[in-house]
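First the structure, in the form of structure tokens, and then the observations on it.
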Amino acid sequence: RERTLLSKTDNLNTLFWQRSASSTTDKVPAHLLRLFGIHQRFHRYVPRHDYLAGPSNPVADATSRDFHLTWPELMTSLSPYLPQRASCQIWTPSEQIVSSVISALRKERSPPESLWFEPNP
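The numbering used here applies: residue 393 is where the sequence shown begins, and numbers increase by one.
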């Protein structure tokens, strides 16, 4: 069941926080990293984070900037960069995940149990 999850980002601050899995502050990144660690341990995966500059990473670039597009429009614009043989799935986070992330953004701790559930198929 253990897997490796590859994430490529063009945000160097996020990359360094994710690689170290810690932050030397009590600001939002520290709370988000705690949440990420809880989720990672429960679901038994190993994250691998790499840097890929924005112009070389059109998928990350578009998903962080093209908020004016609908999902179908975004997927159409990204189709040249996505694997053609594999289908892509849009994941809608559960209420528990959304609540935990909002709490982290407010620098509030969520109980670890809030992330101890299997995702919907």
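For each residue, glycine too, the CB sits at the ideal point set by N, CA and C.
Please read these numbers as outputs of a predicted model, since none were measured by experiment.
**Asked** Does the beta-carbon of Q410 have 16 or more other beta-carbons within 10 angstroms, so that it is buried, or is it exposed?
**Response** With 16 or more neighbouring CB atoms inside 10 Å of its own CB, Q410 falls in the buried class.
**Request:** Report the three-state DSSP secondary structure of S399 (helix, strand or coil).
**Result:** In the structure shown, the three-state DSSP call for S399 is strand.
**Message:** Just to confirm my understanding: we take L507, look at its own chain, exclude 5 residues before and 5 after, and list those with CB closer than 8 Å. What are they?
**Reply:** Hits under 8 Å: L427, I430, H431, F434, Q488, I489, S492.
**Prompt:** Taking the alpha-carbon positions, what's the D453 to P447 distance?
**Reply:** Rounded to whole angstroms, the separation of the alpha carbons of P447 and D453 is 8 Å.
**Asked** According to DSSP, what are the bridge partners of Y335?
**Response** Only positions 393 to 513 of the chain appear in this structure, which leaves residue 335 out of reach.
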